[in-house]
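As structure tokens, the structure follows; a few thoughts come after it.
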Amino acid sequence: MRTASRPALGLSCRSHGIIESEHGARYPPDPPGARGGQRTDHCRREASGLMPPPLDELRHTAAHVLAYAAQDLYPEAKPTIGPAIENGFYYDFERAEPFTPSDLAALERRMHEIVAADYEMTGEQVTREAAVRHFAQNPFKVELAEAIPQGEPITLYTIGGFTDLCRGGHAKSTGAIGAVKLMSVAGAYWRGDERNPMLQRIYGTAWPTHAELEAYLLQLEEAQKRDHRKLGAELGLFSIEEDAGGGLVFWHPKGAIVRGIIENFIREGLLARGYLPVVTPHIMSEKVYERSGHLENYAHGIFGPLEVEGQRFRLKPMNCPGHILIYKSEGRSYRELPLRYAEFGTVYRFERSGTLHGLTRVRGFTQDDAHLFCMPEQLQAEFEQTADEAIRLITAFGFRDVEYFVGTRDDAVRVASDEVGEVAIRKALESRGLPYDVDAGGGAFYGPKLDINVHDAIGRRWQLGTVQIDFMLPERFELTYRGSDGADHRPVMIHRALAGSLERFFGVLIEHYGGAFPAWLAPVQVVVAPISEHQLGYATTVRDRLRAAGFRAEVDEKSDKLGYKIRHWKTQKVPYILVTGRAEAEAGTVAPNERGHDEKRPPITVDAFVAELRDRITRKL
RNA sequence: GCCCCUGUAGCUCAGUGGUAGAGCGUGACAUUGGUAAUGUCAAGGCCAUGGGUUCAAUCCCCAUCGGGGGCUCCA
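The number in my numbering is simply the position in the first sequence, starting from 1, with 1384 added.
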């Protein structure tokens, strides 16, 4: 069993933190295809015994080239660290003046010269004292040199006139870098700690050939086209209103329709598996969260108190305490268990303004949340059916690649019951033949968990659902059930959100499908387009028949020409446009124009079209 | 929150130290059309907000607010 410290390969994406928002920060933030802030995962690579790919060496070398260029052009800039990352590299500099876009251009020009000069990369081992002396003017490098563990070699690497403290792993010479481009400049704290000084991070990308660089830039463009914020506005799905504040989502009619479909799909699954709907308040007395431990463990994520008649209330950051109160409201018998309470529970969590991002990082969102209260001996079966339901969901929404991460609790806080939970999770996955990685210490504050990540259509990874086992909250709230032995026992809880947050899930779906939702999800499934206003009446009849059949259909009533209408609705990514001209009106047919197909289709009867679309919706295509 | 960039019409963007333009979209009119943009006209902007510099600020400076890109994992 290899151990990945955390998911990090690929373009992974910011997590809401589904139940454990603080965990979200552990995931590498993702510029979905944007600037290149991804990382390589050395842990995993080393653990799996693979040699680092040459690309890493090339990019690490490119980082040196950048530092060399900076030394030449901005000698006052102190280089700190500059690793290779997924898709490129970065180098952090300490410098009073900000690097401007024109500075980047100048640096890039100098880098090209350094690459063209094809300097050989030479390394030498030195003593700690020599290293410290060499970097006497650079406290960051001195700190690094002094931190190298006793017994490990300390090495300096040189290209041309630039020497850097470096562990090594380079291309033989700078000429190996076929194509290099600086992407952006960003602030970054020294060693990632916000108590440390802010450095300037320059991001770049490097490739063996120009063609590969071009392909990469094209890929970035593709990702930008799918950006859910852009598509959300273009397709009228949602907005975030300055007047209301950041991180708060307004679902417009078309987005709300998609949300309703998602909710219905989830609800069907819940009913089929014996869940019971509940609804809980959005604000509750702060005491509830004191007792649950959220106020203690998660204070930074909870909005401040609202004082009413001397009582302090809090906006709901989690749904579990509410569900627990329902459980606790009456005596429970073992005959009732498992009790499965489900709610599309809207929660509010404080996220720092700089971290907000479209639908994927927000302050108010709705989870497809549920809490299962069961006897310990039911835990395994309950966990397994939850895993099955997660798979049903992911599959239905078109995700093919799924990764599972088992988050264990830190050794420091780990108790015997955690072991039980971890075993249950592993057993569930193993019995289904699902491969997984262990995220050591990545569990919730109350227990171990399973995180489900999916890859979208262009390969980016997103964190969606989570299933968490909890022995702690039942303890804190002193939950019991009367057993068959007549004694009181403590139930185990499973927290689970499979889509995660509907906001985030929607954002991921938008990007996954590039806005072109399959017919069963599309907010408008059919637009009936009369060729002239003479067919308006017929078109309306067709629309009404489609609506009667349960479809989401509209008529394009404007007096635009057909070509215009086709273009308009294609850009709106409507699955079907039904052309209705004189011939169709007379014959009682429609001429379908299907999204993704440019060829003309012969007219078919409305009934035939209804059958076609119905079949497609059934198959979720 | 912190760093960098940014804010002109609903959207995408031009522009100037002397109070503004285009395209798309929207509306009206004409046109009644056959598979990715018909034409004409019109409406629409306190140039994010608040200060400052100046005879004069959308433009320069500062602040605030919003938007974008980032913010441990190694020399």
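Backbone N, C-alpha and C fix where the C-beta goes; we use that ideal spot for every residue, glycine too.
Which listed residue (the options) has its alpha carbon closest to that of residue i
i	options	result
H1918	D1940, G1559, Y1458	D1940
E1460	H1981, Y1474, R1443, Q1521	Q1521
D1821	R1810, A1828, G1831	R1810
W1953	N1977, L1763, M1505, D1440	N1977
P1722	Q1695, S1713, L1756, R1745	L1756
R2000	D1869, Q1852, P1914, A1903	A1903
E1497	Y1474, G1553, G1559	G1559
P1463	Q1584, L1491, M1567, Y1711	Q1584
H1684	G1965, R1696, F1634, R1736	R1736
D1753	M1702, R1575, P1537, R1610	M1702
E1659	Y1682, H1707, G1694, H1636	Correcting the residue type first, residue 1659 is Tyr in the shown sequence and not Glu. Closest option to Y1659, Cα to Cα, is H1707.
G2006	Y1922, E1938, E1605, Q1956	The structure shown does not extend to residue 2006, since the chain is modelled only from 1385 through 2005, so no value can be given for it.
R1575	E1652, R1866, I1465	I1465
R1991	A1967, K2004, L1930, G1742	Note that residue 1991 is Asp in the sequence shown, not Arg. It is L1930 whose Cα lies nearest to the Cα of D1991.
V1786	G1827, Y1732, G1843, G1653	G1843
Q1751	E1768, A1656, H1879	H1879
T1593	V1499, T1924, E1530	V1499
A1640	P1485, R1579, G1620, E1478	G1620
L1491	P1986, E1768, Y1458	Y1458
A1512	A1501, Y1503, P1986, V1526	Correcting the residue identity first, residue 1512 is Arg in this sequence and not Ala. Ranking the options by Cα distance to R1512, first place goes to V1526.
Sub-8 Å separation of residue i and residue j beta-carbons
i	j	result
L1679	E1670	yes
I1667	F1734	no
F1524	Q1455	no
A1468	R1493	no
A1946	I1988	For clarity, residue 1946 is Leu in the given sequence; the question names Ala instead. Against a cut-off of 8 Å, the Cβ pair of I1988 and L1946 comes out as no contact.
L1905	I1650	no
A1812	G1849	no
G1631	G1748	yes
V1926	V1912	yes
L1450	M1495	yes
I1836	A1774	yes
D1840	E1895	yes
E1714	V1662	no
T1738	Y1587	In the sequence as displayed, the identity of residue 1738 is Gly instead of Thr. Contact: no.
L1740	V1790	no
I1538	V1564	no
H1554	E1470	no
R1860	S1568	no
P1705	R1696	no
T1864	G1827	no
Y1732	G1867	no
L1743	H1612	yes
A1531	V1516	no
M1856	G1825	no
N- and C-terminal bounds of the beta strand (DSSP E) containing residue i
i	result
K1638	Looking at the DSSP string, K1638 is not in any beta strand (DSSP E); the run it does join, the alpha helix (DSSP H), is 1637–1656.
G1748	1748–1758
M1877	1876–1885
R1724	1723–1732
Buried versus exposed, by CB contacts within 10 Å (16 or more), residue i
i	result
F1829	buried
L1997	buried
P1959	buried
H1448	buried
V1799	exposed
D1823	buried
S1399	Reliability of the predicted coordinates at S1399 is poor, the pLDDT of 37 falling under 50, and the value obtained from them is presented with this limitation in mind. Buried is the call here.
A1607	buried
D1425	With a pLDDT of 34 at D1425, under the threshold of 50, the modelled position of this residue cannot be trusted; read the value that follows with caution. Classification for D1425: buried.
A1771	buried
F1993	buried
T1445	buried
F1634	exposed
V1797	exposed
A1932	exposed
S1396	Summary for S1396: the model assigns pLDDT 36, below 50, so the residue's position carries little reliability, and this model does not support an answer.
M1435	For M1435, the pLDDT reaches just 45, beneath the cut-off of 50, and the residue's location in the model is therefore unreliable, although a value from the coordinates is still provided. Exposed.
Span of the alpha helix (DSSP H) around residue i
i	result
F1767	1763–1780
F1901	Note, F1901: premise wrong, no alpha helix (DSSP H); not H, not E.
G1706	1704–1712
Q1909	Here Q1909 belongs to no alpha helix (DSSP H), and DSSP marks it neither H nor E.
E1460	No alpha helix (DSSP H) contains E1460, which DSSP labels as neither H nor E.
Entirely within the stretch 1562–1619 and at least 4 residues each: give me those alpha helix (DSSP H) ranges in chain order.
1594–1609, 1612–1618
Runs of alpha helix (DSSP H) lying entirely within the stretch 1802–1869, each at least 4 residues, in chain order
1856–1860
Threshold first: 4 residues or longer. Then list the alpha helix (DSSP H) segments lying entirely within the stretch 1493–1537, N to C.
1512–1518, 1523–1531
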